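Those letters in the sequence shown? Residues 334 to 514, by the numbering used here.
See structure below.
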Amino acid sequence: MSIVSDYVYELMQQHHSVRKFKNQPLGSETVEKLVEAGQSASTSSYLQTYSIIGVEDPSIKARLKEVSGQPYVLDNGYLFVFVLDYYRHNLINEDVEQHMETSFESAESLLVGAIDVALVSENIALAAEDMGYGIVYLGSLRNDVGRVREILDLPEYAFPLFGMAVGEPAEDENGSPKPRL
Numbered sequence: 334m335s336i337v338s339d340y341v342y343e344l345m346q347q348h349h350s351v352r353k354f355k356n357q358p359l360g361s362e363t364v365e366k367l368v369e370a371g372q373s374a375s376t377s378s379y380l381q382t383y384s385i386i387g388v389e390d391p392s393i394k395a396r397l398k399e400v401s402g403q404p405y406v407l408d409n410g411y412l413f414v415f416v417l418d419y420y421r422h423n424l425i426n427e428d429v430e431q432h433m434e435t436s437f438e439s440a441e442s443l444l445v446g447a448i449d450v451a452l453v454s455e456n457i458a459l460a461a462e463d464m465g466y467g468i469v470y471l472g473s474l475r476n477d478v479g480r481v482r483e484i485l486d487l488p489e490y491a492f493p494l495f496g497m498a499v500g501e502p503a504e505d506e507n508g509s510p511k512p513r514l
């Protein structure tokens, strides 16, 4: 059982960032399947310390593009924003008057949340590429975290880590896998 299926292996080997998309929105069924794929990822202690925000509204995308500076924040089939989210946990703490680590002040909590977010996003990326879509991660949303939090109306204990644009690659999109170390 130590052999990876050729299909999955080849799919992973062909991964590359797509920075130019056709003007074709993803359907709601596709988005739902992608989110379900993300939710199937492992999560530390079943805490699920993430939120996935879908952005379809062109005016919100335009505001996020101002933060990012990247055209593909606006021009894509669908935009996901991945959030390290301890807001729900904090509400539970208040409700049961218990204390569990729900802040970014603890290295452990920060790592748990960041890893959960990364695992969820990679599942979505792999599922999207399996469906024939291209993706690009958007770390540039961290250029102004305060502004992104404001644009998305995020509560306290919620921190936007990155975005992901997904869509059909444009005809002249010429990306290719980069050499890996």
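The C-beta atom is built at its ideal place from N, Cα and C for all residues, glycine as well.
Since the structure is predicted, the reported quantities are computational estimates derived from the model, not experimental observations.
Rounded separation between residue i and residue j - CA only
i: residue 469; j: residue 496; result: 8 angstroms
i: residue 356; j: residue 439; result: 42 angstroms
i: residue 422; j: residue 374; result: 19 angstroms
i: residue 479; j: residue 393; result: 15 angstroms
i: residue 353; j: residue 505; result: 8 angstroms
i: residue 484; j: residue 397; result: 7 angstroms
From the options, residue whose alpha carbon lies closest to that of residue i
i: residue 405; options: 342, 503 and 346; result: 503
i: residue 377; options: 390, 445 and 348; result: 445
i: residue 443; options: 491, 460 and 462; result: 491
i: residue 513; options: 396, 339 and 348; result: 348
i: residue 467; options: 359, 389, 487 and 473; result: 359
C-beta contact flag for residue i and residue j at 9 angstroms
i: residue 417; j: residue 379; result: no
i: residue 385; j: residue 368; result: yes
i: residue 351; j: residue 414; result: no
i: residue 475; j: residue 452; result: no
i: residue 448; j: residue 499; result: no
Counterpart residues of residue i in DSSP-defined beta bridges
i: residue 497; result: 413 and 470
i: residue 387; result: 413
i: residue 418; result: 491
The alpha helix (DSSP H) enclosing residue i, as first and last residue numbers
i: residue 339; result: 339–346
i: residue 457; result: 440–463
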